[in-house]
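Report on one structure; see the data block that follows.
Protein chains: 2
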Amino acid sequence: MSAVGSVLESGPAPRAGAQAPSARVAMVGAGQLARMTHQAAIALGVELRVLAASADDPAVRAGAAHVLGAPDDLGALRALAAGCDVLTFDHERIPPEHLRALQDEGVVLAPGAGAKLAAQDKLHARRLLAGLGLPVPAFTHARTPADAERFAGEHGWPLIAKTPREGYDGRGVFTLQGLADAERLLGETPGGILLEPHLALDCELSVLVARARGGERVAYVAAQTVQREAMCREILSPAPIDAALAAQAQALALELAEAIDATGIMAVELFATPGGLLVNELALRPHNSGHHTIEGAVTSQFEQHLRAVLGWPLGAGDATAPAVACVNVVGPPDGSDPRTRLPAALAVPGAHVHLYAKAARPGRKLGHVTVCWTELRAARAAALHAAALLEGRAS
Amino acid sequence: MSAVGSVLESGPAPRAGAQAPSARVAMVGAGQLARMTHQAAIALGVELRVLAASADDPAVRAGAAHVLGAPDDLGALRALAAGCDVLTFDHERIPPEHLRALQDEGVVLAPGAGAKLAAQDKLHARRLLAGLGLPVPAFTHARTPADAERFAGEHGWPLIAKTPREGYDGRGVFTLQGLADAERLLGETPGGILLEPHLALDCELSVLVARARGGERVAYVAAQTVQREAMCREILSPAPIDAALAAQAQALALELAEAIDATGIMAVELFATPGGLLVNELALRPHNSGHHTIEGAVTSQFEQHLRAVLGWPLGAGDATAPAVACVNVVGPPDGSDPRTRLPAALAVPGAHVHLYAKAARPGRKLGHVTVCWTELRAARAAALHAAALLEGRAS
Chain G
104 MSAVGSVLES GPAPRAGAQA PSARVAMVGA GQLARMTHQA AIALGVELRV
154 LAASADDPAV RAGAAHVLGA PDDLGALRAL AAGCDVLTFD HERIPPEHLR
204 ALQDEGVVLA PGAGAKLAAQ DKLHARRLLA GLGLPVPAFT HARTPADAER
254 FAGEHGWPLI AKTPREGYDG RGVFTLQGLA DAERLLGETP GGILLEPHLA
304 LDCELSVLVA RARGGERVAY VAAQTVQREA MCREILSPAP IDAALAAQAQ
354 ALALELAEAI DATGIMAVEL FATPGGLLVN ELALRPHNSG HHTIEGAVTS
404 QFEQHLRAVL GWPLGAGDAT APAVACVNVV GPPDGSDPRT RLPAALAVPG
454 AHVHLYAKAA RPGRKLGHVT VCWTELRAAR AAALHAAALL EGRAS
Chain U
104 MSAVGSVLES GPAPRAGAQA PSARVAMVGA GQLARMTHQA AIALGVELRV
154 LAASADDPAV RAGAAHVLGA PDDLGALRAL AAGCDVLTFD HERIPPEHLR
204 ALQDEGVVLA PGAGAKLAAQ DKLHARRLLA GLGLPVPAFT HARTPADAER
254 FAGEHGWPLI AKTPREGYDG RGVFTLQGLA DAERLLGETP GGILLEPHLA
304 LDCELSVLVA RARGGERVAY VAAQTVQREA MCREILSPAP IDAALAAQAQ
354 ALALELAEAI DATGIMAVEL FATPGGLLVN ELALRPHNSG HHTIEGAVTS
404 QFEQHLRAVL GWPLGAGDAT APAVACVNVV GPPDGSDPRT RLPAALAVPG
454 AHVHLYAKAA RPGRKLGHVT VCWTELRAAR AAALHAAALL EGRAS
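Protein chains in written order, with this note's numbering: chain G, 104 to 498; chain U, 104 to 498.
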């Protein structure tokens with residue numbers, strides 16, 4: 104009798120289980136970006152440990168190991184990094200001096216403290232980009248109402264004002280209609296504000312670039328982002344723009360990643376204006392404008408980020424479908440929870456629903472829906488419909 | 104000054120966070136199938152709780168909530184099911200009487216105890232399928248050597264013998280060269296064995312079908328499975344067979360799901376023989392032969408299983424690429440851990456690597472690699488190469 108049984112049954116005696124140590128990545132933050140990074144880490148057998156404010160944070164609810172603490176607590180950051188191969192980020196809100204301290208102590212940061220600052224301080228970023236000769240909007244650092252008046256004299260009211268050191272999803276971004284607005288904002292912002300003209304835009308674009316420790320780079324195709332109430336609401340990929348412009352956006356993003364010594368995923372947000380492309384902002388981490396890559400690219404931004412920060416070979420960034428649309432699911436005004444309407448959204452053909460396990464609040468990003476299709480208009484319509492169902496705006 | 108800030112800053116005061124209860128799924132087992140089900144559960148915001156033998160089990164290491172216990176411990180099964188919407192499975196090794204007891208106590212099982220038995224007892228399955236008029240290999244229940252001799256008189260030696268109530272990956276499957284082998288095996292198997300002829304096969308196929316509570320059904324395209332040492336080693340999708348045969352395999356699987364009242368994902372393994380298709384075995388759970396659906400189908404078998412057992416609408420099973428190849432990564436003879444060779448495999452273009460965080464042992468399934476491509480031969484070559492790199496058989 105010959106056992107056709109598995110080799111465990113019929114083969115040589117198994118050796119004691121050898122288990123190589125898993126790669127360990129520490130991530131500051133435990134929001135939806137960390138949650139989706141954890142999903143990607145599972146496939147690669149990477150252990151992700153996150154810094155969480157609470158055990159209810161999205162990444163912790165997905166099962167990531169965690170350290171409880173605040174990102175401005177150096178002790179918590181040290182505890183997070185201990186024993187991990189690399190420390191990375193799901194947000195920008197870590198004091199730059201803490202990052203420099205960790206780096207000085209020998210913690211491997213990806214991106215490094217210097218590169219990360221380009222995402223943490225908008226004024227620093229503008230000066231850096233302008234210094235590199237990259238196209239950016241006109242800007243000034245206004246410390247006084249007179250500074251604002253001078254800039255308005257060149258560009259006219261209204262102006263866009265940004266607080267340099269905070270802000271995402273439109274937080275820290277203001278439209279100034281005139282000098283009185285500038286006076287009020289400057290009164291609340293002792294360090295001054297970043298001012299730029301109110302530009303006429305053709306559209307907004309985002310290009311994801313991954314840069315590995317070691318320097319390997321991969322750029323994803325340029326996507327259009329659609330903002331509402333200053334929050335990214337839709338991602339349309341590829342952006343329905345001229346191919347030469349798309350190629351230029353990719354080239355700019357690749358150049359930028361190299362110039363600032365980025366590591367990991369970087370999202371470069373650009374303005375397409377009648378006068379050409381302008382670089383708006385950078386995020387040195389996985390970014391909302393890259394959520395469509397989970398199903399819509401060969402390598403998702405989350406897996407790519409892990410590969411890059413660990414110094415592993417990057418994956419292809421190619422699209423998996425001719426058109427990919429991704430729409431954010433935002434807490435509706437009545438405070439109701441989109442989860443109660445999940446089955447309806449799942450009935451939309453091709454809808455990939457991602458929910459973040461966050462408590463529902465009006466205006467809060469609670470999930471997203473991605474649809475891959477042969478054609479962008481249909482993909483967008485399906486994704487918008489599924490999101491509207493989740494938000495209770497359709498039936 | 105108008106804040107373009109997010110509605111959290113500028114909109115109405117947020118309400119207290121409303122949080123609808125998440126759907127909760129209990130799964131008996133915490134192996135790689137539960138691990139990948141947990142990944143899918145994260146996207147849907149579903150909470151998965153698994154029954155684990157140890158906190159080192161693959162699904163627990165991926166962060167699934169868990170109850171420690173054995174699948175033959177009714178108390179542990181009750182603890183697992185408590186508070187969950189539905190109880191489902193990542194393996195077959197649960198005593199059928201426990202399933203009936205849980206069902207009688209009001210636990211919602213998916214699949215139900217009766218349907219699950221078709222995957223737990225091979226003899227029961229054969230009789231059931233034959234009774235439904237579905238094509239199955241000739242078989243007999245041999246209790247004595249005389250039974251085996253009679254069956255060999257009709258079909259000739261060698262015969263294939265299976266123990267009815269255990270076995271996966273070739274465990275519990277034996278080739279009997281003659282009467283002496285039958286006597287030996289029957290001496291160890293008091294309940295008798297399932298005997299079938301040693302068939303000439305064109306190839307082996309697998310068809311995944313999902314059937315939701317409520318009856319909605321989706322069939323995936325038939326895939327070819329390639330076995331080595333009685334373990335599934337490769338999945339090639341679509342199976343490179345005649346379209347009519349592939350359609351017949353799908354139709355058989357759909358009919359079967361309905362006939363046995365399956366719920367969730369069911370894998371139907373078929374033999375393609377010169378005389379036509381024969382149904383070999385069933386698995387009423389996500390299955391190794393469906394791993395390619397993670398990247399290779401619009402809805403992975405794991406998400407589909409969750410949708411089905413929760414009674415939610417099913418997703419499309421359509422392929423995302425013209426050809427998808429998936430190759431298992433098996434512990435090499437030297438006991439070394441494929442994880443140490445992960446970066447090399449990640450350099451293979453298009454290789455999606457999945458590692459299960461299991462201790463490496465020779466012959467143990469430790470992961471798989473999937474490649475989606477325009478053409479099957481190239482997809483298979485790339486997946487085989489990446490798996491060989493992980494197993495230390497290539498460089």
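Backbone N, C-alpha and C fix where the C-beta goes; we use that ideal spot for every residue, glycine too.
Keep in mind it's a predicted model, so treat the numbers as computed, not measured.
Inset, instruction - State buried or exposed for Arg388 of chain G, treating a residue as buried only when at least 16 other CB atoms are found within 10 Å of its CB. - result: Taking a 10 Å sphere around the C-beta of Arg388 of chain G, we find 16 or more other C-beta atoms and assign the residue as buried.
Inset, instruction - Measure the Cβ-Cβ separation of Leu288 of chain U and Ala255 of chain U and say whether it is below 8 Å. - result: Contact flag unset, no.
Inset, instruction - Just the C-alpha distance for Phe242 of chain G and Gly379 of chain G, rounded to the nearest angstrom, thanks. - result: Taking the straight line from one Cα to the other gives about 17 Å.
Inset, instruction - Could you say which of U:Ser340, U:Ala333 and U:Ala283 lies nearest to Ala249 of chain U if we only look at CA atoms? - result: With distances taken between CA atoms, Ala249 of chain U lies nearest to U:Ala283 out of U:Ser340, U:Ala333 and U:Ala283.
Legend entry - Among G:Leu373, G:Ile197, G:His488 and G:Val427, the one whose alpha carbon lies nearest that of Asp224 of chain G: Of the listed residues, the one whose Cα sits closest to Asp224 of chain G is G:Ile197.
Inset, instruction - Mark Ser193 of chain G as exposed unless 16 or more other C-beta atoms lie within 10 angstroms of its C-beta, in which case mark it buried. - result: A small fix is needed here, since residue 193 of chain G is Asp in this sequence, not Ser. Result: buried.
Legend entry - Residues of its chain near His455 of chain U, where Cβ-Cβ distance is below 6 Å and the 5 sequence neighbours each way are ignored: Around His455 of chain U, the same chain offers Glu398 and Thr473 as residues with beta carbons nearer than 6 Å, after the five sequence neighbours per side are excluded.
Inset, instruction - Whole angstroms is fine: what's the gap from Thr396 of chain U's alpha carbon to Pro300 of chain G's? - result: It is roughly 49 Å from the alpha-carbon of Thr396 of chain U to the alpha-carbon of Pro300 of chain G.
Inset, instruction - Please name the residue or residues paired with Ser309 of chain U in a DSSP beta bridge. - result: The partner list for Ser309 of chain U (beta bridge, DSSP) reads U:Ala326 and U:Glu372.
Legend entry - Contact with chain U by Gly186 of chain G, beta-carbon distance below 8 Å: Contact with chain U is absent for Gly186 of chain G, since none of that chain's Cβ atoms lies less than 8 Å from the residue's Cβ.
Legend entry - Continuous alpha helix (DSSP H) stretch holding Leu289 of chain G: start and end: Looking at the DSSP string, the run of the alpha helix (DSSP H) that includes Leu289 of chain G is Leu282 to Glu291.
Inset, instruction - Residues of the stretch 465 to 476 of chain U with a CB closer than 8 Å to any CB of chain G: list them in chain order, please. - result: Taking a C-beta cut-off of 8 Å against chain G, the contacting residues of the stretch 465 to 476 of chain U are Pro465, Gly466, Arg467, Gly470 and Cys475, listed in chain order.
Legend entry - Between the CA atoms of His488 of chain U and Pro465 of chain G - distance to the nearest angstrom: Cα to Cα, Pro465 of chain G sits roughly 50 Å from His488 of chain U.
Inset, instruction - Determine contact between the stretch 348 to 364 of chain U and the stretch 428 to 438 of chain U, defined as no fewer than three beta-carbon pairs at a distance below 8 Å. - result: No, they do not touch.
Inset, instruction - Mind checking which residues open and close the alpha helix (DSSP H) that includes Leu65 of chain G? - result: Chain G is shown only over 104 to 498; residue 65 of chain G falls outside these bounds and no answer can be derived.
Inset, instruction - Could you tell me the distance, in whole angstroms, from the CA atom of Val107 of chain U to the CA atom of Glu269 of chain G? - result: Interpretation of Val107 of chain U is limited by its pLDDT of 36, a score under 50 that renders its predicted location unreliable; the figure taken from the coordinates is listed afterwards. For Val107 of chain U and Glu269 of chain G, the distance between alpha carbons rounds to 14 Å.
Inset, instruction - For Val401 of chain G, decide whether its Cβ has a neighbour in chain U, counting only Cβ atoms nearer than 8 Å. - result: True, the Cβ-Cβ gap to chain U drops below 8 Å.
Inset, instruction - Measure how close the beta-carbons of Ala342 of chain G and Ala354 of chain G come, nearest whole angstrom, since I'm counting them as under 8 Å. - result: Contact between Ala342 of chain G and Ala354 of chain G is ruled out by a C-beta separation of about 15 Å, above the 8 Å threshold.
Inset, instruction - Decide yes or no for the touch test of the stretch 170 to 186 of chain U against the stretch 195 to 213 of chain G: beta carbon pairs closer than 8 Å, at least 3 of them. - result: A contact between stretches requires three or more CB pairs, one per stretch, nearer than 8 Å, and the stretch 170 to 186 of chain U fails this requirement with the stretch 195 to 213 of chain G.
Legend entry - Buried or exposed by the 16-neighbour rule on C-beta atoms within 10 Å, applied to Asp345 of chain U: The residue in question, Asp345 of chain U, is exposed, as its Cβ has fewer than 16 Cβ neighbours within 10 Å.
Inset, instruction - Tell me where the alpha helix (DSSP H) around Phe254 of chain G begins and ends. - result: Note, Phe254 of chain G: alpha helix (DSSP H), Pro248 to His258.
Inset, instruction - Report the rounded CA-to-CA distance for Val371 of chain U versus Ser157 of chain G, giving the unit in angstroms. - result: Val371 of chain U and Ser157 of chain G have their C-alpha atoms spaced approximately 44 Å apart.
Inset, instruction - Would you mind stating whether Ala365 of chain U and Ala426 of chain U have Cβ atoms separated by less than 8 Å? - result: No, Cβ-Cβ distance for Ala365 of chain U and Ala426 of chain U is not below 8 Å.
Inset, instruction - Determine the burial state of Thr266 of chain U: buried for a count of at least 16 other Cβ atoms within 10 Å of its Cβ, exposed for fewer. - result: Within 10 angstroms of the beta-carbon of Thr266 of chain U lie 16 or more other beta-carbons, which makes it buried.
Legend entry - Neighbouring residues, chain U, relative to Val456 of chain G (Cβ below 8 Å): Listed along the chain, the chain U residues whose CB falls inside 8 Å of the CB of Val456 of chain G are Ala146 and Leu147.
Inset, instruction - Using a Cβ cut-off of 8 Å (strictly closer), state whether Thr243 of chain G contacts chain U. - result: In terms of beta-carbon proximity, Thr243 of chain G stays away from the interface with chain U, with every pair separated by 8 Å or more.
Inset, instruction - Select from U:Asp160, U:Ala144 and U:Ile145 the residue whose C-alpha is nearest the C-alpha of Tyr459 of chain U. - result: Residue U:Asp160 holds the alpha-carbon nearest to the alpha-carbon of Tyr459 of chain U among U:Asp160, U:Ala144 and U:Ile145.
Legend entry - Closest by C-alpha distance to Arg274 of chain U, when choosing among U:Arg467, U:Arg496, U:Gly495 and U:Ser340: Ranked by Cα distance from Arg274 of chain U, the first of U:Arg467, U:Arg496, U:Gly495 and U:Ser340 is U:Arg467.
Inset, instruction - Taking Val324 of chain U as the reference, give the member of U:His471, U:Thr402, U:Ala143 and U:Ala221 with the closest Cα. - result: Of the candidates U:His471, U:Thr402, U:Ala143 and U:Ala221, the one whose C-alpha sits nearest the C-alpha of Val324 of chain U is U:Thr402.
Inset, instruction - Could you tell me which of U:His141, U:Ile145 and U:Ala162 sits nearest to Ala133 of chain U, measuring between CA atoms? - result: From the listed residues U:His141, U:Ile145 and U:Ala162, the smallest Cα separation to Ala133 of chain U is found for U:Ala162.
Legend entry - Coil, strand or helix - Thr477 of chain G by DSSP: The answer is coil: DSSP assigns Thr477 of chain G none of H, G, I, E or B.
Legend entry - For Arg483 of chain U, three-class secondary structure by DSSP: Helix.
Legend entry - Below-8 Å beta-carbon distance, Ser340 of chain G vs any chain U residue: Not a single CB atom of chain U sits nearer than 8 Å to the CB of Ser340 of chain G.
Inset, instruction - Entirely within the stretch 374 to 461 of chain G and at least 4 residues each: give me those alpha helix (DSSP H) ranges in chain order. - result: Complete alpha helix (DSSP H) runs here, min 4: 396 to 399, 404 to 413 and 445 to 449.
Legend entry - Coil, strand or helix - Thr243 of chain G by DSSP: In the structure shown, Thr243 of chain G adopts extended strand secondary structure according to DSSP, grouped into three states.
Legend entry - is_contact[His395 of chain U, chain G] using C-beta, thresh 8 Å: Answer no: the Cβ-Cβ gap between His395 of chain U and chain G never drops below 8 Å.
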